[in-house]
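Colleague:
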Amino acid sequence: MSLLLSRRDLEFLLYDWLKIDGLTARPRYAEHSRETFTAALALCETLATDHFAPHNRLGDENEPVFENGRARIIPEVKAATDLFSEAGLIAAGADFDLGGMQLPQTIVQAGLAWFQAANVGTAAYPFLTIAAANLLIAHGSPAQIDRYVRPMMTGRFFGTMCLTEPQAGSSLSDVRTRAEPQPDGSWRLFGSKCYISGGEHDLSENIVHLVLARTPDAPPGVKGISLFVVPKRLVEDDGSCGARNDVALAGLIHKMGYRGVTSTILNFGEGAHRPGEKAGAIGWLVGERHRGLACMFHMMNEARVGVGLGSTALGYTGYLHALDYARTRPQGRSPVNKDPTSPQVALIEHADIRRMLLAQKSYVEGSLALNLYCGRLLDDERTAEDPADRARATLLLDMLTPIAKSWPAQWCVEANSLAIQVMGGYGYTRDYPVEQFYRDNRLNPIHEGTHGIQAIDLLGRKAVMQGGAGLRLLADVMRQTCARATHIGGEPAIFASQVESGIARMEATTARLHGLGDPERTLANAWTYLEAVGHLVVGWIWLEQRLTVGNATGDFEDGKRQAARYFFRWEMPRIDVGFDLLDSLDDTPLAMRDAWF
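Count the sequence shown with full-length UniProt numbering and you get residues 1 to 597, in order.
#1: Using 9 angstroms as the threshold, is the C-beta distance between residue 53 and residue 112 below it?
#2: Rounded to the nearest angstrom, what separates residue 235 and residue 268 at their Cα positions?
#3: Report the three-state DSSP secondary structure of residue 438 (helix, strand or coil).
#4: Quick one: give me the first and last residue of the beta strand (DSSP E) that residue 387 is part of.
#5: Smallest Cα separation from residue 585: which of 566, 521, 552 and 530?
#6: Residue 464 by DSSP, collapsed to three states: which one?
#7: Decide if residue 90 is buried, meaning its Cβ has at least 16 other Cβ atoms within 10 Å, or exposed.
#8: Suppose you measure from the CA of residue 325 to the CA of residue 423; what does that come to, to the nearest Å?
#9: Nearest by alpha-carbon distance to residue 531: which of 400, 432 and 588 is it?
#10: Nearest to residue 55 by CA position, among 100, 261, 188 and 580, is which residue?
#11: To the nearest angstrom, report how far apart residue 207 and residue 40 are at their CA atoms.
#12: Quick check on the DSSP output: what are the complete alpha helix (DSSP H) runs of length 4 or more inside the region 455-501, in order along the chain?
#13: Between the alpha carbons of residue 594 and residue 453, how many angstroms are there, rounded?
#14: Considering only their Cβ atoms, is the gap separating residue 384 from residue 26 smaller than 9 angstroms?
#15: When you compare the CB positions of residue 230 and residue 281, do they come within less than 9 angstroms of one another, or not?
#16: Using CA coordinates, which residue listed in 37, 32 and 238 is at the minimum distance from residue 11?
#17: What are the residues that DSSP puts in a beta bridge with residue 197?
#18: Please confirm whether residue 455 and residue 13 have their CB atoms less than 9 angstroms apart.
#19: Find the nearest neighbour of residue 69 within the set 466, 247, 473 and 28, judged by alpha-carbon distance.
#20: Where DSSP assigns a beta bridge to residue 154, which residues make up the other side?
#21: For residue 94, which of helix, strand or coil comes out of DSSP?
#22: Would you report the Cα separation of residue 83 and residue 43, rounded to the nearest angstrom?
#23: Given that a residue counts as buried once 16 or more other Cβ atoms are within 10 Å of its Cβ, and exposed if not, what is residue 35?
#24: Between the beta-carbon of residue 432 and the beta-carbon of residue 364, is there less than 9 angstroms?
#25: In the DSSP output, what is residue 161 paired with across the bridge?
#26: Kindly indicate which three-state DSSP category residue 178 falls into: helix, strand or coil?
#27: For residue 149, which residues in the same chain have their Cβ closer than 8 angstroms to its Cβ, ignoring the five residues on either side in sequence?
#28: Express the C-alpha separation of residue 419 and residue 2 in angstroms, rounding to a whole number.
#29: I need the DSSP call for residue 573, collapsed to helix, strand or coil.
#30: Identify whether residue 85 lies in helix, strand or coil by the three-state DSSP scheme.
#31: Could you spell out the range, first to last residue, of the beta strand (DSSP E) harbouring residue 226?
#32: Name the DSSP bridge partner or partners of residue 187?
#33: Where DSSP assigns a beta bridge to residue 247, which residues make up the other side?
#34: Give the DSSP-derived three-state secondary structure of residue 66 in the structure shown.
#35: Check whether the Cβ atoms of residue 192 and residue 249 lie closer than 9 angstroms to each other.
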């Protein structure tokens, strides 16, 4: 059995639950079949296992080094990313006319999860490239697609997103990087960006930076931000890479985890790489002026779902490593065995070890199902025959995005913590990889919008957008599952009653909070709202899995049923606790004053 992910679980979610092979009836995927899907996933598993996982620890222990304005990275990273590119995986979901495989997004996400479980640092380079290319496909001009996207599809060029500045982290309205128009239609950019993953390396011929900046006529706030494509090296008309652009690596940021990918500080417009020429990083406008943040959210939302998937993958591989250790490590005896001379039993024979493993299983398998469900929504958004079905998928995906990002980023980190606990003192050492999984995963509640920001987005915007249409749709979809479960009866009906109760509380609490007329107080405890609604959504996802398993027999099916029982008996009670707190309108954190700390 792989210690990265469970192939059996992936097949269950993709084929038994999501019926993903049914997508081949749609024109976009007509040239595919279950066989081509399975072959693509097998390729991902093999490459991840053989070429990404072996240097995961090496990359952690030998993080990138800043030398003479360059970033030096261990050679294994380039060897792995070259193979990824040569296999066509950067273009796995892209159109055939861009050199892509035109695979469904659900299959793409399932395949990418193997690489995130194997080596999240190395995987970040091509994954950022995929997201940057998708943004340019959606918002770039045909010339920009030809000049930048086509080389990105083959791995000649890699990509980044450049948002954060020293004074503007999550507060993008405070971005100061400026862009000055030039007579030839280009722009010159000046400013500094930080925490730019993959911002400098020698893994590809070029790096395509997507940069947020302000034009001279920009109004204040987010409505004044524009988006520019700024290559590390200027691209000639024949597609070759020319002179170095005025983009300089100012330094590398040293992190707790995720050490394999460069986290850079980039300076635009220093004149460092263009002696004797006019300063300013040369870039070109993407989309409409002052509409840059709307364009960038295309990449950010894709990245947010990707963060949730990455957190899930790290939690999943940690769980499998802990499970393998618990099965093979002798330790102690049964509480009813008083004979100290009898053989020790494996850790997994102890009830508390099984509790911790079962908790991990419920978190990671629930998260994986949620992530793949979001992938299926994206496929429906793009390819459903009925425009109403496309619009429905868009609205539901918009509603679920902050949950799909932040719920795994909270609870799969907890799964990694439990994996360490299962292994005891050995789990806390660097002799085993679970401590690295925890450190790597601890980034995920922070980047691409912190946990608190996702909570404010869910309660403050998504729950009330279009007059609450997104929340109503989510409730309707969950109630449809409950109706099926109630009709079947037995255990599924019991679980359905818990989900129904949670839906009612979600609706009532949302109305109560937004009826206050006091936005600050409404959003003061948004974190609790995200946790409660997230648990409700994952409970619904577990009910879906329980219905799919049905009464089938076998260890896999028994394990699914038991994980569902665990989630409903041990985790679902958190929902009422959260909504009780929210309904009380408690203002303890809000009322706290600086001086009192």
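Note that the Cβ used here is the ideal one computed from N, Cα and C, for glycine as well.
Modeller: This is what the structure holds:
#1: No.
#2: Rounded to the nearest angstrom, the two C-alpha atoms are 17 angstroms apart.
#3: Looking at residue 438 - three-state DSSP - the assignment turns out to be helix.
#4: In the DSSP assignment, residue 387 falls outside any beta strand (DSSP E) and within the unbroken alpha helix (DSSP H) covering 387-427.
#5: Comparing Cα positions, the closest option is 521.
#6: Here residue 464 sits in helix by DSSP.
#7: Residue 90 comes out buried.
#8: In a straight line, the C-alpha of residue 325 is about 7 angstroms away from that of residue 423.
#9: Selected option, being the one with the closest Cα: 400.
#10: Of the listed residues, the one whose Cα sits closest to residue 55 is 261.
#11: One C-alpha to the other measures close to 27 angstroms.
#12: Considered as a whole, the region 455-501 harbours 469-488 as its complete alpha helix (DSSP H) runs of no fewer than 4 residues, in chain order.
#13: Residue 594 and residue 453: Cα-Cα distance of roughly 21 angstroms.
#14: Yes, the Cβ-Cβ distance between residue 26 and residue 384 is below 9 angstroms.
#15: Yes, the pair counts as a contact, with Cβ atoms nearer than the cut-off.
#16: For residue 11, the nearest C-alpha among the options comes from 37.
#17: Answer is 263, bridged to residue 197.
#18: Not closer than 9 angstroms, so no.
#19: Residue 247 is the option with its Cα nearest to residue 69.
#20: The secondary-structure analysis by DSSP pairs residue 154 with nothing; it has no beta-bridge partner.
#21: Coil.
#22: Using only the alpha carbons, I get a separation of about 11 angstroms.
#23: By the 10 Å Cβ count, residue 35 comes out exposed.
#24: The answer is no: Cβ separation not under 9 angstroms.
#25: In DSSP, residue 161 forms a bridge with 210.
#26: If DSSP states are grouped into helix, strand and coil, residue 178 belongs with the strands.
#27: Within the same chain, residue 149 has close Cβ partners 98, 133, 136, 137 and 140.
#28: Each residue's Cα considered, the two are about 16 angstroms apart.
#29: Note: residue 573 maps to helix in three-state DSSP.
#30: Helix, per DSSP.
#31: Segment 225-231, the beta strand (DSSP E) holding residue 226.
#32: Under DSSP, the beta-bridge partners assigned to residue 187 are 181 and 283.
#33: 268, per the DSSP bridge assignment.
#34: Residue 66: strand per DSSP, three-state reduction.
#35: 9 angstroms or more divides the Cβ of residue 192 from the Cβ of residue 249.
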